[in-house]
Every structure is written in C-alpha cells, then in structure tokens.
Amino acid sequence: MAQDAFTGKVAVVTGAASGIGQALARDFARRGAKLAISDVNLDRLNALAAELRQAGATVMADRLDVADRDALFAYADKVAAEWGGADIVINNAGVALVGSIASLPVEQIEWLMGINFWGVVHGTKAFLPQLAAKRAGSIVNVSSVFGLIGVPGQGAYCAAKFAVRGFTETLRQEMHGTGVHIACVHPGGIKTNIANAARVIELPAGADSAEAVARRFEEVVRTTPEQAAATIIRGIEKRAPRILIGADAHVISGLARLLPVAYATLVRKAFGGLARGAKNKNNANTAAARS
Ligand SMILES: NC(=O)c1ccc[n+]([C@@H]2O[C@H](COP(=O)([O-])OP(=O)(O)OC[C@H]3O[C@@H](n4cnc5c(N)ncnc54)[C@H](O)[C@@H]3O)[C@@H](O)[C@H]2O)c1
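Residue numbers (our numbering): 79 to 369.
Printed below as a string of structure tokens:
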C-alpha cells in the first residue's frame with residue numbers, strides 16, 4: 079500500500095454502503111487510510127468492509143442512521159476511543175424525495191431533512207471537536223448542484239442541500255486559521271442508486287412510474303461514483319473550499335452566478351412541470367399532502 083498523505087489517517091464516511099460513499103471508502107482504503115464506515119444498510123456495508131479488509135485495509139463498520147443525533151454522538155465517541163478521533167469526516171449519507179411542494183406531506187419533508195440536513199449537522203457537531211483539538215483534518219459536507227439552484231419537484235431536497243451549503247460555508251469562515259479544512263461538495267448527476275431508492279410522491283411530467291424516473295436519471299447522468307470520489311479526494315488534498323463534480327455541476331454553478339433569477343426559466347424548461355395524482359412508489363400516503 080502506497081505511503082501518502084492519507085496513510086494511517088482516520089477517514090469517517092457516512093452512507094458508505096453505496097454510490098459515492100462506497101467509492102470514497104475504496105479510494106481511502108487504497109491510499110492507506112483507516113476506515114470508519116457506516117450506513118443504515120448493514121448487509122451492503124459488511125460486504126464492503128469484507129472487501130476492504132481482504133485488500134489489507136483497517137476497517138470499522140457500523141450501522142448508523144445519521145438522522146439519529148444520539149447515535150451519531152455515541153459513534154464519534156467510539157471513533158475517538160478506538161482510534162484517537164477522526165482526521166477526515168465525509169458527511170455523505172443522503173436520500174431523494176420527488177414531488178412538488180404542494181404534494182409533499184410535511185412528514186416526508188421532515189424525513190428528508192432529518193437525513194440530508196440534520197445528518198450533516200449531527201456529523202459535523204459530533205466530530206468537529208476531535209478535528210479542532212488536532213488543529214488539522216477535513217470536514218467535507220455533501221450538498222448538490224440542487225444546493226445551487228431550485229428545481230421543480232425537488233423542493234425538499236433543494237431545501238436540505240441549500241441548508242447544507244449555508245451551514246458549511248459559515249463553518250468554513252468560523253474555522254479559518256484553525257487548521258481544520260471545511261469543504262462543501264456539489265455533485266452534478268452521478269450514476270448511483272439514489273434515484274432508484276428515491277421516494278416518489280409525485281411523478282415528473284413525462285414519467286409514468288417511479289421506475290421510469292430512475293431510468294431517465296440513469297440515461298441522463300454521466301459521472302461515475304469513482305470519478306466523484308477521485309474529485310472529492312483531490313479537493314481534500316488541495317484543501318478546496320468548494321468541490322464541484324462533473325461538467326454539469328460547472329455549468330449549473332455558472333448559471334446560478336450569471337443568471338441568479340433568470341436561471342429558473344431554463345430549469346423549468348429542462349425539468350418540466352409535475353403531473354398531478356401520480357403514484358407513490360415507497361409510501362401510500364400521497365393523499366396526506368396537507369399533513
Ligand atoms: N447521485 C447523484 O446524482 C447526487 C448528486 C448530488 C448529490 N448527491 C449526494 O451524494 C450523497 C451520496 O449519494 P449517492 O448518490 O451515493 O446515493 P446512494 O443511494 O448510492 O448512497 C447513499 C447511501 O446513504 C445511505 N443512507 C440512506 N439513509 C441513511 C441514513 N439515514 N443514515 C445513514 N445512511 C443512510 C444509503 O443506504 C446508501 O448506502 C448524498 O448526500 C446525495 O444527496 C448525489
């Protein structure tokens with residue numbers, strides 16, 4: 079295993095059983111880091127842990143729901159007790175929820191915020207003291223290009239990802255000069271399981287099923303999780319404050335800066351309206367949108 083900047087460092091990755099988190103775990107392992115990986119999907123996580131250990135990596139694998147504040151703080155204590163604390167923390171776990179704001183039950187928005195926003199807050203708050211004490215390391219929070227622009231049918235997701243961005247950009251300023259690097263990641267479309275696992279409350283125009291939504295995502299997106307992980311790791315090495323992933327992310331970032339209001343017309347044309355009365359794949363409570 080090559081000696082490099084990550085050798086022997088403790089890398090914490092949430093949502094590591096799939097997609098970007100899984101690719102990051104593999105890269106960190108190859109680079110000689112000690113891996114503290116977690117996910118709600120323990121079967122897939124254990125399979126990854128076995129693969130990484132087989133390749134010679136040191137791995138701690140735990141079932142962890144990032145929405146569970148007490149569990150995340152207890153987990154950070156465990157990483158401190160066993161390995162002397164984290165050096166790199168990637169708050170990566172996330173889910174998707176499709177449906178207009180009018181159609182989304184409040185409970186569904188809370189569910190998404192619990193994972194995509196509060197999960198990042200919990201991970202940051204639980205591990206920040208460990209990095210601050212070392213006056214080193216990186217906290218990397220995964221937002222999205224949907225943290226740069228609003229998109230019809232993605233209201234809850236956009237809210238969480240904009241919130242992650244605001245939280246992280248503030249933290250970066252507050253940690254300036256402390257030695258702790260803070261980065262916000264804005265991936266464009268990445269070929270992962272996210273669309274497949276999405277809760278679809280209302281179908282976008284032109285899609286007749288949740289499966290069709292996932293298929294369309296699969297057809298349109300270009301970047302692989304491996305490319306995404308490599309970009310994030312380069313960003314950590316360079317201590318970049320903002321990490322854009324994929325050509326689409328660069329275009330969207332430019333659009334948001336150049337046309338901060340008028341971008342919406344282009345986005346509406348690209349993403350279309352939302353069909354009414356759509357089927358809900360994962361939850362049978364579409365009618366409860368008022369709750
Ligand atoms: N794929 C994309 O196009 C894309 C674009 C922008 C941002 N992102 C963000 O990248 C991150 C990783 O997503 P991905 O695309 O690799 O998706 P993915 O679905 O492949 O992986 C997400 C992982 O998070 C886990 N997870 C879900 N809920 C969890 C919880 N409560 N606690 C812990 N783990 C949980 C899942 O089990 C899964 O293993 C997410 O924050 C996502 O919002 C993805």
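We treat Cβ as the ideally placed atom computed from N, Cα and C, and that holds for glycine.
All figures in this text were calculated on a predicted structure; none of them were measured in a lab.
About 13 Å separates the beta carbon of G228 from that of R243, a gap too long to meet the 8 Å contact definition. Excluding the 5 residues flanking it on each side, A318 has same chain C-beta neighbours closer than 7 Å at A261, in chain order.
Within the stretch 111-195, the complete beta strand (DSSP E) runs of at least 3 residues fall at 112-117, 137-141 and 166-169. With fewer than 16 neighbouring CB atoms inside 10 Å of its own CB, H254 falls in the exposed class. Under DSSP, V278 takes part in a beta bridge, and its partners are V176. Here V184 is exposed. Its C-beta has fewer than 16 other C-beta atoms within 10 Å. Contact check for V90 against A127 fails: the beta carbons are separated by 9 Å or more. Annotation: K87 to D165 spans about 6 Å, alpha carbon to alpha carbon. For V345, the uninterrupted alpha helix (DSSP H) run begins and ends at Y341 to F349, by DSSP. The beta carbon of F349 sits closer than 6 Å to those of V229 and P230, all from its chain and outside the five residues before and after it, given in chain order. Between P303 and G97, the C-beta gap is smaller than 9 Å, which places the two residues in contact. Rounded to the nearest whole angstrom, the C-alpha separation of V198 and V144 is 8 Å. Here the stretch 305-315 makes no contact with the stretch 284-294; the two share fewer than three CB pairs at distances below 8 Å. If you draw a straight line from the Cα of R346 to the Cα of A327, it is about 17 Å long. At least one heavy atom of ligand 1 is found less than 8 Å from the C-beta of V118. Collapsing the DSSP output to three states places T202 in a helix. When rounded, the separation of the alpha-carbon atoms in D148 and L281 is 35 Å.
Straight-line measurement puts the Cα of D286 at about 42 Å from the Cα of R108.
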